[in-house]
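I have placed the structure first, in the form of structure tokens, so that the comments after it can refer back to it.
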Amino acid sequence: MKIKIYLCFLLLAINPRAQAQEALFEWAAGAQNLNFYFQDFVILSDNSVVAIAKYEEVNYHTGESVFRQGDGEVFDLRDLYNENASMIMKFSPQGLVEWYHVISERAGAIYQVEKNEADDIILLVGVIGTEVYRPDDEYEYEEEYEEEYGVEHGGEVRETEDEEGAGEEYEEEEEEENEEEIYLGNMRELGLYGVPEGTHIVHLRANGSLRQDIHAEILGDLNLENAIFLNYLEGKYLFASTGGGEELAQKLQLNHPGTGDEYVLALGAVGELLWGDMVFYRDAWGYIVGGRGLCFAPDGTIYRGGSYEKGASFSNGLQTLTPISYEEALKGHEKYEGYLISYSPEGKINWVKREGCASYFGAIAATNAGVYIAHRTLEDKLMEQIVDTTGGKSLGISFIHPDGKVQWNIMTAIEKAEDMQIDDSGNLLMLSSLGLRYRHQPFFIELDEYKLPKEDRAFIVSINPQGEVQHLQSFKLHLPSSNTPTLMRADKADACYISGQMWLGFALDIQLIEKSLPPLKGSGGVPILGKIRK
Numbered sequence: 091m092k093i094k095i096y097l098c099f100l101l102l103a104i105n106p107r108a109q110a111q112e113a114l115f116e117w118a119a120g121a122q123n124l125n126f127y128f129q130d131f132v133i134l135s136d137n138s139v140v141a142i143a144k145y146e147e148v149n150y151h152t153g154e155s156v157f158r159q160g161d162g163e164v165f166d167l168r169d170l171y172n173e174n175a176s177m178i179m180k181f182s183p184q185g186l187v188e189w190y191h192v193i194s195e196r197a198g199a200i201y202q203v204e205k206n207e208a209d210d211i212i213l214l215v216g217v218i219g220t221e222v223y224r225p226d227d228e229y230e231y232e233e234e235y236e237e238e239y240g241v242e243h244g245g246e247v248r249e250t251e252d253e254e255g256a257g258e259e260y261e262e263e264e265e266e267e268n269e270e271e272i273y274l275g276n277m278r279e280l281g282l283y284g285v286p287e288g289t290h291i292v293h294l295r296a297n298g299s300l301r302q303d304i305h306a307e308i309l310g311d312l313n314l315e316n317a318i319f320l321n322y323l324e325g326k327y328l329f330a331s332t333g334g335g336e337e338l339a340q341k342l343q344l345n346h347p348g349t350g351d352e353y354v355l356a357l358g359a360v361g362e363l364l365w366g367d368m369v370f371y372r373d374a375w376g377y378i379v380g381g382r383g384l385c386f387a388p389d390g391t392i393y394r395g396g397s398y399e400k401g402a403s404f405s406n407g408l409q410t411l412t413p414i415s416y417e418e419a420l421k422g423h424e425k426y427e428g429y430l431i432s433y434s435p436e437g438k439i440n441w442v443k444r445e446g447c448a449s450y451f452g453a454i455a456a457t458n459a460g461v462y463i464a465h466r467t468l469e470d471k472l473m474e475q476i477v478d479t480t481g482g483k484s485l486g487i488s489f490i491h492p493d494g495k496v497q498w499n500i501m502t503a504i505e506k507a508e509d510m511q512i513d514d515s516g517n518l519l520m521l522s523s524l525g526l527r528y529r530h531q532p533f534f535i536e537l538d539e540y541k542l543p544k545e546d547r548a549f550i551v552s553i554n555p556q557g558e559v560q561h562l563q564s565f566k567l568h569l570p571s572s573n574t575p576t577l578m579r580a581d582k583a584d585a586c587y588i589s590g591q592m593w594l595g596f597a598l599d600i601q602l603i604e605k606s607l608p609p610l611k612g613s614g615g616v617p618i619l620g621k622i623r624k
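So the sequence shown is numbered by the working numbering: it starts at 91 and just counts up by one.
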């Protein structure tokens, strides 16, 4: 489930504390009357930020359409398409826009962004074919394109020369005679021209130019809108989503029972399938809420989390149909049960942990010492252990050893874990919200009894692998549920960045709510990305 940042003017804007407190953001950028939201972002090694966004035409609510960068100055985005589009933007360490690309939805979309150790920007891209040719026809525009962009065609992987001018070698595929029409797509702003339609893994340099394009054919017909895409170890990739269906099951040599499913795939450096697994649901689909349900530890162990309603079959080495385990007497709640799977780097299932209660999976983040999981329970137990749910505490943070044993549970009154990351010390950094239903209740985390000020509704907390709260920073932004993501990332110094969409019921200067926000007037959604002051 995705989320928006809602701000309550009557409760917050006139609060004296809002004017006296230290600024929340070291820098923040955002848009006025430009209807887009940030889908994903990464922090490069120099603390610059690369973000992707979905653009949905102009709002026409608050007058002038502007984008303000980290210094508050307007950055001109007038060449945005007057139609739905995808954007990729790079911000300097000070929040200034260095470059951006806009992709019309007629050409395709950018769905997620990752990076590698070399600071390549890695994009998951869906390309829509707009031109048709036959393989035995002359490739008329190839020579013109290579001259303009320096990109070679013919193989599955197309690579440009690096910044020193040394070209990287690749193996061209032998063209076979094929009378079928092939659809080609064009995304000139990303450096793609005349590429096959379907899913592509695109590497950009830090300056926004194309380094490498990989056509991942195995992902061609799979769901990209709700996908999880990760840059894995040794130049590999992980991909997970819902609804692979019988066709994917056949490719993975699994028996599909004809009901709902989720899957995880490991891809090689040129987009080839290394291994894959599927979870098949009994009579119903699974349930997704909160942060990402796929992560991996530095040693390569992969964790996949989710929820099922009436049971699930876990394949690829472990064939088990699990029944629902909670009391049928529960009323007023959908009877889901959360689960967590551990995979070896080779794709073998190490273990499956069921919650053992009516519960919802939330988010995960892993270290070599174990995996953190945030999840909600509707009973007085979690991960088959009795927990304290008094005082509105229903969301738990658990730490599970790599062997599958639960090390500890912390129960809180958090509404949900919006996003989770691991810092360089192996601690959990979690962006969370208290939620509107706890507006008049004090919030606390049991360990050390950290408390939020009464008017603060969201926070970033650090918890170490021993379950000790290391740090808590709270702020006023409300984070109840809706359809756009609120995301958090951390740089090498563990400074946190967040992106989201502030939602205002009427035109309002957002600096009245938080003085370190850019000078923008909002009505409806106001996209914001910024660096939290440590």
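For glycine and all other residues, C-beta sits at the position ideal for the given N, C-alpha and C.
Whole-number beta carbon distance between residue j and residue i, since they are thought to touch under 8 angstroms
i, j, result
"HIS290", "HIS305", "6 angstroms"
"VAL192", "LEU213", "Actually they do not touch by this definition, with Cβ atoms about 14 angstroms apart."
"THR332", "ASN345", "Rounded, the Cβ-Cβ distance is 19 angstroms, inconsistent with contact."
"LYS582", "ASP514", "6 angstroms"
"GLY615", "TYR127", "7 angstroms"
"VAL551", "SER522", "7 angstroms"
Residue(s) in a DSSP beta bridge with residue i
i, result
"THR467", "SER449"
"LEU567", "Answer by DSSP bridge pairing: none, since LEU567 is not bridged."
"ILE431", "ARG394 and VAL442"
"LYS32", "Lying outside 91 to 624, the shown extent of the chain, residue 32 is not represented and no answer is given."
"TYR273", "VAL222"
"PHE596", "Looking at the DSSP assignment, PHE596 forms no beta bridge with any residue, so it has no partner."
"VAL477", "Answer is none; VAL477 lacks a bridge partner."
"GLN122", "VAL156"
"ILE290", "Residue identity check: residue 290 is His in the sequence provided, not Ile. VAL215 and HIS305."
"ASN625", "Absent from the model: residue 625. The displayed extent of the chain is 91 to 624, so no value can be given."
"THR332", "GLU352"
Residue of the options minimising C-alpha distance to residue i
i, options, result
"ILE439", "LEU344, SER194 and ASP367", "ASP367"
"TRP117", "VAL354, SER182 and LEU328", "SER182"
"GLY446", "ARG278, SER405, SER397 and PHE596", "SER397"
"GLN563", "LEU519, LEU594, GLY590 and ASP581", "LEU519"
"GLY350", "GLY275, ARG372 and VAL215", "ARG372"
"ASP130", "GLY615, LYS624 and SER589", "SER589"
"LEU430", "GLY481, PRO492 and THR480", "PRO492"
"MET473", "TYR462, VAL461, ILE500 and ARG444", "ARG444"
"GLY481", "VAL215, MET277, THR502 and GLU279", "THR502"
"VAL559", "ASN458, GLY460, ASN499 and THR220", "ASN499"
"LEU300", "GLU287, ILE600, ASN316 and GLU279", "GLU279"
"PHE625", "GLY335, LYS400, PHE404 and THR457", "Outside the shown range of the chain, which is 91 to 624, sits residue 625, and nothing can be said about it."
"GLY284", "GLY298, GLY219, GLY334 and ALA296", "GLY219"
Straight-line gap, residue i to residue j (C-alpha atoms, nearest Å)
i, j, result
"ASP209", "ALA402", "39 angstroms"
"LEU468", "SER484", "7 angstroms"
"GLN184", "GLU427", "44 angstroms"
"THR543", "THR576", "Per the sequence shown, the amino acid found at residue 543 is Pro instead of Thr. Roughly 22 angstroms separates the two Cα atoms."
"ASN554", "LEU607", "31 angstroms"
"ILE622", "ILE200", "26 angstroms"
"PRO617", "MET179", "13 angstroms"
"LEU602", "GLY612", "11 angstroms"
"GLN511", "ARG579", "7 angstroms"
"ILE318", "GLY383", "8 angstroms"
"ASP161", "HIS561", "28 angstroms"
"PHE565", "ARG158", "22 angstroms"
"TRP365", "VAL442", "18 angstroms"
"ASP478", "ARG394", "26 angstroms"
"ALA197", "VAL156", "25 angstroms"
"ASN123", "PHE549", "28 angstroms"
"ILE211", "LEU282", "15 angstroms"
"GLU399", "VAL354", "20 angstroms"
"GLU262", "GLU604", "Because the pLDDT at GLU262 is just 46, under 50, the model does not fix this residue reliably, and the value given afterwards should be weighed accordingly. Whole-angstrom Cα-Cα distance: 55 angstroms."
"GLU230", "GLY310", "Only weak support is given to the placement of GLU230: the predicted model assigns it a pLDDT of 48, under 50, and the value that follows is read from those uncertain coordinates. Those two C-alpha atoms are separated by around 25 angstroms."
"ASP389", "GLY437", "14 angstroms"
"ILE308", "MET177", "25 angstroms"
"GLY120", "LEU619", "6 angstroms"
"LEU610", "GLU336", "49 angstroms"
"GLN343", "MET592", "46 angstroms"
"TYR433", "ASP584", "28 angstroms"
"ASN125", "ASN172", "11 angstroms"
"GLU362", "GLU315", "21 angstroms"
"GLY422", "ALA448", "Caution applies to GLY422, whose pLDDT of 47 falls short of 50 and renders its modelled position unreliable; the value that the coordinates give is listed next. Cα to Cα, GLY422 sits roughly 12 angstroms from ALA448."
Pairing CB atoms from the stretch 500-510 with CB atoms from the stretch 450-458, are three or more of them under 8 angstroms?
Here the stretch 500-510 makes contact with the stretch 450-458; the two share three or more CB pairs at distances below 8 angstroms.
At least three beta-carbon pairs within less than 8 angstroms, the stretch 188-207 to the stretch 312-332
Short answer: they touch.
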